[in-house]
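Just below is one structure, and these are the notes that go with it.
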Amino acid sequence: MIDINEALHIVLTHTTLFPATKLHLLESNGLVLAEEVHSPWDIPAADNSAMDGYAYFHNSVQGEFLPVCDFLPAGNVFTGTVPAGSAIKIMTGAQIPLGCDTVVPIEDVQEVTDGIKLKSTSKPGMHIRKRGEDVGSDDLVFIPGTLIRPQEIGMLASFGKTEVSVYRRPVVAIIATGDELVEPGEKLTPGKIVNCNSYCIASQVKAAGGMPIILGIARDNREATREILQNALSADVVITSGGVSVGDHDFVKEVIIEMGGEIKFWKINMKPGKPLAFGVISDKPIFALPGNPVAAMVGFELFVRPSLLTMMGHTRVNRPFVSAIATEPICNDGKRPHLMRVLVEQVSGKYYLKSTGNQGSARISSMTHGNALVLVPSETAINSGDTVNASLIDNCIYVQNGCY
Ligand code: AMP
Ligand code: MG
Numbered sequence: 002m003i004d005i006n007e008a009l010h011i012v013l014t015h016t017t018l019f020p021a022t023k024l025h026l027l028e029s030n031g032l033v034l035a036e037e038v039h040s041p042w043d044i045p046a047a048d049n050s051a052m053d054g055y056a057y058f059h060n061s062v063q064g065e066f067l068p069v070c071d072f073l074p075a076g077n078v079f080t081g082t083v084p085a086g087s088a089i090k091i092m093t094g095a096q097i098p099l100g101c102d103t104v105v106p107i108e109d110v111q112e113v114t115d116g117i118k119l120k121s122t123s124k125p126g127m128h129i130r131k132r133g134e135d136v137g138s139d140d141l142v143f144i145p146g147t148l149i150r151p152q153e154i155g156m157l158a159s160f161g162k163t164e165v166s167v168y169r170r171p172v173v174a175i176i177a178t179g180d181e182l183v184e185p186g187e188k189l190t191p192g193k194i195v196n197c198n199s200y201c202i203a204s205q206v207k208a209a210g211g212m213p214i215i216l217g218i219a220r221d222n223r224e225a226t227r228e229i230l231q232n233a234l235s236a237d238v239v240i241t242s243g244g245v246s247v248g249d250h251d252f253v254k255e256v257i258i259e260m261g262g263e264i265k266f267w268k269i270n271m272k273p274g275k276p277l278a279f280g281v282i283s284d285k286p287i288f289a290l291p292g293n294p295v296a297a298m299v300g301f302e303l304f305v306r307p308s309l310l311t312m313m314g315h316t317r318v319n320r321p322f323v324s325a326i327a328t329e330p331i332c333n334d335g336k337r338p339h340l341m342r343v344l345v346e347q348v349s350g351k352y353y354l355k356s357t358g359n360q361g362s363a364r365i366s367s368m369t370h371g372n373a374l375v376l377v378p379s380e381t382a383i384n385s386g387d388t389v390n391a392s393l394i395d396n397c398i399y400v401q402n403g404c405y
């Protein structure tokens, strides 16, 4: 049995960066940039007004009245020069005309016949966004490895880009194993259970940015397992669930070896998810997750997700940890570190957590009621009031008396 960090290290040493591909800008959210991006122009392209108001030349003002010579909406350009001592009505974003160096917001003037009266004194240069102040022409703005989020998409769009080069998404083949399984929608007869793992894992793959392909169920015999695994090898990554323990019908490991593959490790010192194997067939990673749904999900979370993210060029592959106060005792009486499922919430700026209840690895409700994992070392009790690290597996949490 190896420990969690050792297992992750082995997985990551067999994880390689995927090639780049070109995608439409909107398809790139959440992926990692594979090219350098220089700004093709200044942003803003010219000095422009930061306010709806009046533009004028500050030093030419005498007294509080200014005649208004014209009106300049955003998108238009004033071709002349604003006469000294006059103002031009200007809208936010409109290019500052020649003869002006200052904008006074509409709220700070009184509009009178043929002009305006300044209600307060303004400073020269006020409310003008300078040419290139955000990004200068030819600036190196993004390097390969940059995570593309909505703000990067906004910046790339403002460069006029419609396509970007990104590291591509892995295609992930998903195989369930077991004579007892039926697919959702099929008739459930005595002795059978519904294959939930494939759907759960496919959703985890999608959430990590991969492209899942559900290949169906391998029945509990060598031939069926071999046939479906053979099909799966056209994908970039293979994930199986079940059939990897010590039962008479657990063929996955044997078949991987029969097919010329290698098992890099089997059995991790953790709960749930001990009987997890990781192998390769011709460098193709194969994650043989345990059959119990929670064990499969946790195994994915700890080992598959970081690997998929690394393939896609991500360097930040960890979930965020928060320091949370236990609101009830949480005990691990067992001999293995236990990844307990908990619910984390924030109240008045502090994180609190409670257990999701019975932690049986077949009880998927222990996941549905929670949003975080806490690693409780073997034979350890967390007391009510203790502060522990919880890794959040959801993007959003419930916040009471928040910070905004
Ligand atoms: P195994 O390791 O194949 O013996 O599976 C361990 C437990 O997980 C058994 O109770 C299986 O019925 C259950 N299991 C295996 N595969 C799935 C699946 N795809 N969906 C739901 N439960 C499963
Ligand atoms: Mg089985």
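Heads up: the sequence shown begins at 2 in our numbering, then just goes up one per residue.
Here a beta-carbon is modelled for each residue, glycine too, at the ideal position from N, C-alpha and C.
Nearest to N198 by alpha-carbon distance, out of R364, K265, D387, is R364. For I194, the number of other beta carbons within 10 angstroms of its own is below 16, and it is reported as exposed. By DSSP's assignment, A373 forms a beta bridge with V343, L393. With a cut-off of 7 Å, the C-beta of V305 is classified as distant from ligand 1, since no heavy atom of the ligand falls inside that distance.
A contact between stretches requires three or more CB pairs, one per stretch, nearer than 8 Å, and the stretch 204 to 217 fails this requirement with the stretch 252 to 270.
Here Y57 is buried, its C-beta having at least 16 other C-beta atoms within 10 Å. Under DSSP, Y55 takes part in a beta bridge, and its partners are K90, V105.
Between A95 and P74, the C-beta gap is smaller than 8 Å, which places the two residues in contact. For P286, the closest C-alpha among the options I269, I11, D4 is that of I11. Rounded to the nearest whole angstrom, the C-alpha separation of L309 and T357 is 28 Å. Assigned with DSSP and collapsed to three states, H10 falls in helix. In the three-state reduction of the DSSP assignment, N319 falls in the coil class, being assigned neither a helical nor a strand state.
In the DSSP assignment, V136 falls outside any beta strand (DSSP E), carrying neither H nor E. Cβ contact annotation for L18 (same chain, cutoff 7 Å, sequence separation greater than five): Y168, M312, G314, in chain order.
Across the structure, L141 and P45 are spaced so that their CA atoms are roughly 16 Å apart. The beta carbon of D251 sits closer than 7 Å to at least one heavy atom of ligand 1.
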